[in-house]
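Heads up: the protein sequence lines correspond to chains A and B, in order. To convert, note that position 176 of the first sequence is 176 in my numbering; the numbers rise steadily by one, no gaps. To convert, note that position 50 of the second sequence is 380 in my numbering; the numbers rise steadily by one, no gaps. Encoded as structure tokens, the structure appears first; notes follow it.
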Amino acid sequence: MDIDRYIIPESSSTFAFSSIRIYRNFANTRFSNYADKEELEYIENSVNAVLSKDNNIYKKIKTNKLSKNEIENLKDNILINKNIKDKTIYLSDNKTIVVNLNEHITLQMITTNSKKLVQIYKEIKNEENKLSAYIDFAFDSELGFLTSTPRKVGCSMSILVAFTTPNILSFAPNLIKSIENKLKEYGFILKLKNNILYIRNKYMIGLTEKDILKRVCKISRYIIKTEEKIEQRLFTNSSLKIKLEDKIFRSYSILTNARLLTYKEAIKYLMWINVGNHLSILKIDNEKIYKLMFMVKTSQVKIHYNNEINNKNIKECRAKLVQDYLAVGE
Amino acid sequence: MKCQFCKEKEATIYIQELFGNDSININVCDDCASKYNIIEDYLNLKSSDSFQNIKLKKKTNRIKNIEQTECSYCGYHITDYFDTLSLSCPNCYSEFKATIKNTVKNIHSKNKHKNYRSKEYIKLLKKENKIKQLEIKLNDLIREEEYEKAASVRDIINKEKQHILERA
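What follows is the structure in structure tokens.
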């Protein structure tokens, strides 16, 4: 198949994760923000009826039965920042279906492996096909799939890719602006948050889904190549290599000795350890680093300590968690 | 700041008139503004208008040229769309198509969807087309008095319709 050629090169130190989201709405029913109770119940019951035909591979979660911390944990795992109070969520492996978030149905899949982007696209399309066998989706021949806002009409497919780019951020921060301008040409938005670079497609109409996938792969290759180029230039230049090594060892020392750590700091130093691994300067298990990047989130730290901590000593607990985790297996 | 005219109530309207480097400032409450026709003098409006109505006038000018202002399915008004940039139901898209197409072009740089529907939907469309053709054939067979063939065609049509009903 043609899209099998679209791949993001394997890069353990730059590619963080990717998610594909598809938004669909029922035809002849008001969108979730304006629907009344009966309409919302009808949508929930219909989706439930369709998914229960699938030999119960989905686990149904009603968020009104969860505690505040459990909701935060769920939000971290499924990467949804919006308010998911009083919503129904179906989970299976790395597939998520949220009912009545902003759209009637939000399908999502996440991967941490850069080579699996096309695979998760095919899987999510399969799920969509299964749903469309029983549900009439709102569709217009000119505008495509219809959503609650004109920002998501067309394919109604959104792809998010996250990168850790410590070399660009530390040694060439001016490049961020030029990357952002380049992304605008392709219809992508760039966002920098907590030292992680996120790109997401803005254009959803006038392009096929394969076009969007192709562009994501092209842009990802460009960002990974830029990051690795800078890294190699620093590593091969004897006077600049010392700066790079200093960053890596300094990050390792802070992580293993700090008494207080914010989330932003933890991510920043873990990214440098990742670079250290990539250049064989350090020898720490890659999976440990990736797992730590997830465990340093506030809600995950609270779960690790059985919710016995409050926001006052979260930084202290985070620092201790990182030290304990890095010390295991040494 | 108190009203310059009555010196009792709080001023709600602030007007600054500029003449080169000089300026005149007027602070007036709603009652005095309507009593002395201040806004009418400065902005050439009717005496009952206030600054809130200026905003409404801009909106009404915007929707003057739009033929359809309310969705026939859900009653959503186009001014609500201008305020929130969100829509209430899928039918709103067909009611306010011209306006929304402009917005879509501004956001996505294009406003024509490249045709894609799911496999299941395409199968359904093919079935519906097949049923229509079979119904035409059925009518022809009845006219030609070939009732046995017409009966078998009728059975095929019923089977296909049942498939579609199961989907619903």
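Ideal Cβ positions, reconstructed from N, Cα and C, are used throughout, including at glycine. Fair warning: this is a prediction, and the values are worked out from it, not measured in the lab.
Is there a C-beta anywhere in chain A that falls below 7 Å from the one on residue i?
i         : result
B:His-438 : yes
B:Lys-500 : Residue 500 of chain B is absent from the model: chain B starts at 331 and stops at 498.
B:Thr-409 : no
B:Tyr-506 : Since the first and last residues shown for chain B are 331 and 498, residue 506 of chain B lies out of range.
B:Ser-402 : no
B:Ser-353 : no
B:Asp-379 : Because the pLDDT of B:Asp-379 is 47, which lies under 50, any placement of that residue in the model is unreliable, and the number read from its coordinates should be weighed accordingly. Closer than 7 Å: no.
B:Thr-433 : yes
B:Tyr-423 : yes
B:Gln-346 : no
B:Ile-494 : no
B:Leu-375 : Caution applies to B:Leu-375, whose pLDDT of 47 falls short of 50 and renders its modelled position unreliable; the value that the coordinates give is listed next. Chain A contact via Cβ: absent.
B:Ile-486 : no
B:Cys-333 : no
B:Cys-336 : no
B:Cys-359 : no
B:Lys-491 : no
B:Cys-419 : yes
B:Ile-430 : yes
May I ask you to list the residues that DSSP assigns as paired with residue i?
i         : result
A:Lys-60  : A:Tyr-90
A:Arg-24  : A:Ile-105
B:His-407 : B:Glu-400
A:Ala-162 : A:Phe-17, A:Tyr-198
A:Thr-111 : A:Ser-18
A:Ile-97  : A:Tyr-90, A:Leu-107
A:Met-157 : A:Ile-22
A:Asp-140 : A:Gly-144
B:Asn-355 : B:Gln-346
A:Ile-189 : A:Arg-200
Anyone know if the C-beta pair for residue i and residue j falls short of 7 Å?
i         : j         : result
A:Asp-140 : B:Tyr-344 : no
A:Ser-299 : A:Asn-73  : yes
A:Glu-227 : A:Asn-167 : yes
A:Ile-273 : A:Ile-254 : no
A:Thr-14  : A:Ile-224 : yes
A:Ile-292 : A:Leu-270 : The sequence as given places Leu at residue 292 of chain A; Ile does not occur at that position. Yes, they are a contact pair.
A:Cys-317 : A:Val-296 : no
A:Ile-332 : A:Asn-277 : The structure shown does not extend to residue 332 of chain A, since chain A is modelled only from 1 to 330, so the question has no answer here.
A:Tyr-58  : A:Ser-114 : no
B:Val-483 : B:Lys-467 : yes
A:Leu-51  : A:Tyr-23  : no
A:Ile-97  : A:Met-109 : no
B:His-443 : A:Ile-135 : no
A:Ala-133 : B:Pro-420 : no
B:Ile-472 : B:Ala-481 : no
B:Asn-441 : B:Lys-427 : no
A:Thr-149 : B:Ser-416 : yes
B:Lys-456 : B:Glu-490 : no
For residue i, verify whether its CB is less than 6 Å away from any heavy atom of the ligand NAP.
i         : result
A:Ile-309 : Ligands are entirely absent from the displayed structure, and the ligand NAP is therefore not among its contents.
With 7 Å as the threshold, decide whether the Cβ of residue i is near any Cβ in chain B.
i         : result
A:Thr-106 : no
A:Ser-148 : yes
A:Arg-151 : yes
A:Arg-215 : no
A:Leu-190 : no
A:Asp-54  : no
A:Leu-143 : yes
A:Ala-49  : no
A:Ala-337 : Residue 337 of chain A is absent from the structure shown; chain A starts at 1 and stops at 330.
A:Tyr-290 : no
At a CB distance below 9 Å, what residues from the segment 193-213 of chain A approach chain B? Give them in sequence order. Lys-202, Tyr-203, Met-204, Ile-205, Gly-206, Leu-207, Thr-208, Glu-209, Asp-211
With 7 Å as the limit, tell me which residues of the segment 270-286 of chain A have their beta carbon closer than that to any beta carbon of chain B; keep them in chain order. none
Using Cβ-Cβ distances below 7 Å, what residues of the segment 452-467 of chain B are close to chain A? none
Does the segment 145-162 of chain A touch the segment 13-20 of chain A, meaning 3 or more C-beta pairs lie closer than 8 Å? yes
Does the segment 223-237 of chain A come close enough to the segment 28-39 of chain A to have 3 or more Cβ pairs within less than 8 Å? no
Within 8 Å, do at least three Cβ pairs link the segment 236-253 of chain A to the segment 36-50 of chain A? no
Please determine if the segment 185-192 of chain A and the segment 75-91 of chain A are in contact, where contact requires at least 3 C-beta pairs separated by less than 8 Å. no
Looking at chain B, which residues of the segment 28-45 of chain A have a Cβ within less than 8 Å of any of its Cβ atoms? Asn-28, Thr-29, Arg-30, Phe-31, Asn-33, Tyr-34
Beta carbons nearer than 9 Å to chain A: which residues of the segment 466-482 of chain B have them? none
At least 3 beta-carbon pairs within less than 8 Å: the segment 94-107 of chain A vs the segment 404-412 of chain B: no
So if I threshold CB-CB distances at 8 Å, which residues from the segment 83-115 of chain A count as touching chain B? none
Please list the residues of the segment 10-26 of chain A that have a C-beta atom closer than 9 Å to any C-beta atom in chain B, keeping them in chain order. Asn-25, Phe-26
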